[in-house]
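In our numbering, the protein residues as written are 13 to 92.
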């Protein structure tokens with residue numbers, strides 16, 4: 013069964029950028045909480061700790077690059 017979420021079908025590029033910005037903010041908040049857990053030694057015995065940090069940083073970077081690219085495209089479309 014095909015599932016179609018509203019966030020996957022935005023109304024405009026600005027709407028899509030807005031949704032990606034929210035996702036980026038949530039990813040950065042996740043990184044904050046992971047750092048807090050790590051600093052409190054809660055993750056000391058967790059063997060995939062390094063993987064978690066690598067993955068959340070990758071997600072943040074991917075979202076950031078997509079947002080930058082879309083903003084540049086919007087800017088270029090407006091200047092035409």
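Glycine residues also receive a C-beta, built at the ideal position from the N, C-alpha and C atoms. Since the model is a prediction, treat every value here as computed from it, not as a measurement.
- Secondary structure at residue 56: coil, using DSSP grouped into helix, strand and coil.
- Here residue 79 is actually not in contact with residue 48; their C-beta atoms are around 25 Å apart, not less than 8 Å.
- Boundaries of the alpha helix (DSSP H) around residue 61: 61-91.
- Counting every other CB atom within 10 Å of its CB across the protein chains shown gives residue 29 a total of 16 or more, marking it as buried.
- Between residue 44 and the set 81, 56, 72, 85, the nearest pair of CA atoms involves 72.
- Of the candidates 86, 84, 88, 74, 74 places its Cα closest to the Cα of residue 35.
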